[in-house]
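Chains as they are written, first to last, in my numbering: chain A, 945 to 1373; chain R, 945 to 1373.
The beta carbon of each residue, even a glycine, is placed where N, CA and C say it ideally should be.
2 protein chains.
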Amino acid sequence: MRYFIEDLHKFVGETVELKGWVYNTRGSKKIKFLLLRDGTGICQCIFFQGDCDEQAFENFTSLNQEACVKVTGVVKEEPRSPGGYELSARSFEILSDSIDYPITPKEHGVDFLMNHRHLWLRSKKQHAAIRVRSEIIAAIRSFFDGRGFTCTDAPIFTPNACEGTSTLFSTQYFDDKAFLSQSGQLYMEATAAAFGKVYCFGPTFRAEKSKTRRHLIEFWMVEPEVAFNDLYDNMELAEQFVEYIVQRVLTNRQQELKALERDTSKLECIKAPFPRLHYKEATEIILKENKEFVVGDDFGGTDETIISSQFDRPVFVHHFPTAIKAFYMKEEPEDKTYSLSCDLLATEGYGEIIGGGQREDNLEILEKKIKEHDLNMEDFSWYRDLRKYGSFPHAGFGLGIERTVAWICGLPHVRETIPFPRLYGRLHP
Amino acid sequence: MRYFIEDLHKFVGETVELKGWVYNTRGSKKIKFLLLRDGTGICQCIFFQGDCDEQAFENFTSLNQEACVKVTGVVKEEPRSPGGYELSARSFEILSDSIDYPITPKEHGVDFLMNHRHLWLRSKKQHAAIRVRSEIIAAIRSFFDGRGFTCTDAPIFTPNACEGTSTLFSTQYFDDKAFLSQSGQLYMEATAAAFGKVYCFGPTFRAEKSKTRRHLIEFWMVEPEVAFNDLYDNMELAEQFVEYIVQRVLTNRQQELKALERDTSKLECIKAPFPRLHYKEATEIILKENKEFVVGDDFGGTDETIISSQFDRPVFVHHFPTAIKAFYMKEEPEDKTYSLSCDLLATEGYGEIIGGGQREDNLEILEKKIKEHDLNMEDFSWYRDLRKYGSFPHAGFGLGIERTVAWICGLPHVRETIPFPRLYGRLHP
Chain A
945 MRYFIEDLHK FVGETVELKG WVYNTRGSKK IKFLLLRDGT GICQCIFFQG DCDEQAFENF
1005 TSLNQEACVK VTGVVKEEPR SPGGYELSAR SFEILSDSID YPITPKEHGV DFLMNHRHLW
1065 LRSKKQHAAI RVRSEIIAAI RSFFDGRGFT CTDAPIFTPN ACEGTSTLFS TQYFDDKAFL
1125 SQSGQLYMEA TAAAFGKVYC FGPTFRAEKS KTRRHLIEFW MVEPEVAFND LYDNMELAEQ
1185 FVEYIVQRVL TNRQQELKAL ERDTSKLECI KAPFPRLHYK EATEIILKEN KEFVVGDDFG
1245 GTDETIISSQ FDRPVFVHHF PTAIKAFYMK EEPEDKTYSL SCDLLATEGY GEIIGGGQRE
1305 DNLEILEKKI KEHDLNMEDF SWYRDLRKYG SFPHAGFGLG IERTVAWICG LPHVRETIPF
1365 PRLYGRLHP
Chain R
945 MRYFIEDLHK FVGETVELKG WVYNTRGSKK IKFLLLRDGT GICQCIFFQG DCDEQAFENF
1005 TSLNQEACVK VTGVVKEEPR SPGGYELSAR SFEILSDSID YPITPKEHGV DFLMNHRHLW
1065 LRSKKQHAAI RVRSEIIAAI RSFFDGRGFT CTDAPIFTPN ACEGTSTLFS TQYFDDKAFL
1125 SQSGQLYMEA TAAAFGKVYC FGPTFRAEKS KTRRHLIEFW MVEPEVAFND LYDNMELAEQ
1185 FVEYIVQRVL TNRQQELKAL ERDTSKLECI KAPFPRLHYK EATEIILKEN KEFVVGDDFG
1245 GTDETIISSQ FDRPVFVHHF PTAIKAFYMK EEPEDKTYSL SCDLLATEGY GEIIGGGQRE
1305 DNLEILEKKI KEHDLNMEDF SWYRDLRKYG SFPHAGFGLG IERTVAWICG LPHVRETIPF
1365 PRLYGRLHP
């Protein structure tokens, strides 16, 4: 029988054996404290002189940070202890030592920590952030699987650089050249016709030579697409989705949010419906604070923050100008200078976490847009087929995982939201 | 309110509106039948002359395969109907037409179908296989999430070609060269020390110039890794995992398995524990039928089939010779010519679906193995850290999704197990 720290509440009064690593130690002559971590939590183990094995008590002084140990003892309820339980220890054994562990409780520079990412993940806040990430991933899957969506993964290797090659990675694919996907959307439009409600969820790649706190080279994205949904159905789905994720993390990851010192009151109010602003309304808000903003342009980070700071929940901006959106975005029938697009801006200045909208389902207009955007008609042969054979209104969106994790965890930089971040200038470890 | 075909059982006697595509039509002067598909299922809609809108009845003759339509009618229970329910139709509307849909009920060549993969996915068997795939993915996530595993995605871009470059894709990563991951295992060993029980689940890439029914260039893999597990714990986890996946598909995807004409009795007996053979025992079985097999070699496809045909459930082969396994596989302490490795062979000749084992946790032996395998010590600097700072016994495995889908669906070729397959010679659509 294997025991894990997060399950100790089930074994109060019982003798258990825990295996893990030394997180910290302290003690006096007669009593020693060991903070043991096993990956599922941290448990305080208390060694009283006389109460525990004499040799073990002696050996305690030589316990190094991150040494691998086995501890046996009795589980006790203790509200002041990290996880609410502690171990009244009887004996322990060092399974393997750890000499000069590089990450000590003193301050280290970010570069040093990133070079030791494989070890840094053991630290409390890093551990908490990745556990929240894992919960968010599980929530995303549950949300869609529970609503009859079919997971239809898009390929990573794509034959065409559909929207320009400037930020695309490429590779030699035997005699061809393949580009690494930046979005599965076009493929999801095909599978939406086959399965009705679909999503893909995988890594995407952007070769951007920029170092900002919001960008990774390799990041994960989930992209649902729904047949017969319009722009408004799409926003409704997106707000239910975001509410579900946030509320589930609040329910299941309280301890991690506490370790991250997150102000959870800011998350408790993330409930649908979210406010919705037409692009025109949004620009009016921006212009009050940023006189230099040019109506018709896309928003910068500062502009997004100006808008989102008005609200205590995420806010949709919809109907962006057609001119600044991708060729596949459907035009507003009443006024073609606007598109049936929507972005969702997170609270607290975390910026855009969702981008999406209704897709152009009219073959003639789509082909006109492909030409206007100077794209190669032949590359879109299969995509145009979707408008030839039973074309259907449809809409979808993409949610960036790392930005969502940063927002929910309250982290200043996306580099701590993924186990092994890939940034401009960083490919290690 | 949106209605979907798979939910019709909730609306017997009620009038509903369905949106979808024409799968097939037939009829006489007084009665017409429409098989409507909406991605969640197929529903028979019956139009009686006089009972439904006269104009609709007239228009019926012009209904093309895959035209997008809206049908209104009353839900009736009908055991002989595809999903158990049918629609007594009142009216219908063509939302958009479909002229000369390329995939007709006649036979098409595989190449033609693969070129039209974006449309082929709408066909009954393709639809069923991808729905089973989606269920398998959900099952994998539930299994690990429900057992306290943390999802810790491994990076796709890796700095070193750890085990040789011959089957690796590479890309220019700014001033560096990056290789596309073939396995997240080494990274999972790092996160296992931080989180105890972990898994990664994502696409992997293999540049193999071979056309077999078991290989894809781009395929998905799930790789769990558990701290303090040994070879035997690992096999126990793997067999519970495979049982869980198969039984869940049997429970939730009966209709799809039927569409695939799968003999489900073969799946019903997939229950743990699975038989286990030492490599030596396995070779004895092989030699009875394949005299040319050389003891000490790895198994070929035929050899795997010889072994698996002896059993009605998957079979483990463990303790492969150290010489044919990767450098990180731990040696059997009692006899170092064998390794603490295990493969799981599926039933019915579907071959290896799992490979894994216990990892070398002794720094000295690991470094010796790195040298023996002619690998670059510096490339493994971070990996060796895991043995320096609190080294721990651990084991894990990788399960290939596409082979598992092929096996459970009873498909002869992996190309139909993923929405958009990437094969040697195929990068489209």
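Looking from the CA of Asp1256 of chain R, the closest CA among R:Gly1092, R:Leu1211, R:Gly1299 and R:Asn968 belongs to R:Leu1211. The Cβ-Cβ distance between Gly1027 of chain A and Glu1021 of chain A does not fall below 8 Å. Note on the region 990-1064 of chain R: whole alpha helix (DSSP H) runs with a minimum of 4 residues are 998-1003, 1054-1059 and 1061-1064, in chain order. Taken in chain order, the complete beta strand (DSSP E) segments of 3 residues or longer contained in the region 1185-1263 of chain R are 1220-1222 and 1259-1262.
The Cβ atoms of Phe1149 of chain R and Phe1113 of chain R lie closer than 8 Å to each other. Distance between Cys1012 of chain R and Phe1237 of chain R, taken at the CA atoms: about 57 Å. For Cys1095 of chain A, the nearest CB of chain R lies under 8 Å from its own CB, placing it at the interface with that chain. Contact annotation: Lys1014 of chain A and Glu1037 of chain A have beta-carbon atoms nearer than 8 Å. The Cβ atoms of Ala1134 of chain R and Phe1101 of chain R lie no closer than 8 Å to each other. Note that the C-beta distance between Ile990 of chain R and Glu1030 of chain R is below 8 Å.
Segment contact: the region 1341-1353 of chain R against the region 1162-1177 of chain R, three or more CB-CB distances shorter than 8 Å; contact assigned. Look at Ala1138 of chain A: its C-beta is under 8 Å from a C-beta on chain R. Between Ser1078 of chain A and Glu1228 of chain R, the alpha-carbon positions lie close to 45 Å from each other. Note on geometry: alpha-carbon atoms of Gln1254 of chain R and Leu1289 of chain R lie some 11 Å from one another. With fewer than 16 neighbouring CB atoms inside 10 Å of its own CB, Asn1320 of chain R falls in the exposed class. Ranking R:Leu1330, R:Ile1297 and R:Ser1285 by CA distance to the CA of Asp1305 of chain R puts R:Leu1330 first.
With contacts defined by Cβ atoms closer than 8 Å, Ser1042 of chain R and Tyr1333 of chain A form a contacting pair. With fewer than 16 other CB atoms across the displayed protein chains lying within 10 angstroms of its CB, Asp1120 of chain R is exposed. Within the region 1084-1126 of chain R, the complete beta strand (DSSP E) segments of 3 residues or longer fall at 1114-1117 and 1120-1124, listed in chain order.
When only Cα atoms are considered, Asn968 of chain R and Thr1016 of chain R end up about 17 Å apart. If only uninterrupted beta strand (DSSP E) runs of at least 3 residues are considered, those enclosed by the region 1148-1182 of chain A are 1162-1171. Annotation note: the region 1273-1317 of chain A contains the following uninterrupted beta strand (DSSP E) runs of length 3 or greater, listed N- to C-terminal: 1285-1289 and 1296-1302. Counting along the chain, Glu1346 of chain A sits inside the alpha helix (DSSP H) bounded by residues Ile1345 to Cys1353.
DSSP places Thr1135 of chain R inside the alpha helix (DSSP H), whose first and last residues are Gln1129 to Phe1139. Contact residues of the region 1065-1087 of chain A toward chain R are Leu1065, Arg1066, His1071, Ile1074, Arg1075, Ser1078, Ile1081, Ala1082 and Arg1085 (C-beta to C-beta distance below 7 Å). Only buried fits Glu1248 of chain A, as 16 or more other CB atoms lie within 10 angstroms of its CB.
Excluding sequence positions up to five before and after Phe977 of chain R, its CB lies within less than 7 Å of the CB of Thr969, Arg970, Gly971, Gln988 and Ile990, all in the same chain and listed in chain order.
Counting only Cβ-Cβ distances below 8 Å, Lys963 of chain A has contacts in chain R at Ala1171, Phe1172 and Phe1336, in chain order.
Shown here for Lys1313 of chain A: same chain residues with a beta carbon closer than 6 Å to its own, the five before and five after excluded, namely Phe1271 in chain order. Ranked by Cα distance from Ala1072 of chain R, the options R:Asp1279, R:Tyr947, R:Glu1296 and R:Ile986 are led by R:Ile986. Residue environment for His1317 of chain A: exposed (fewer than 16 other C-beta atoms within 10 angstroms of its C-beta). Not one beta carbon of chain R lies nearer than 8 Å to the beta carbon of Glu1275 of chain A.
Three or more beta-carbon pairs separated by less than 8 Å link the region 1079-1086 of chain R to the region 1080-1090 of chain A, which places the two stretches in contact.
By the CB criterion at 8 Å, Glu1162 of chain A and Arg1366 of chain A fall inside the cutoff.
With fewer than 16 other Cβ atoms inside 10 Å of its own Cβ, Ser1110 of chain R counts as exposed. Judged by their CB atoms, Leu1130 of chain A and Leu1284 of chain A are not nearer to each other than the 8 Å cut-off.
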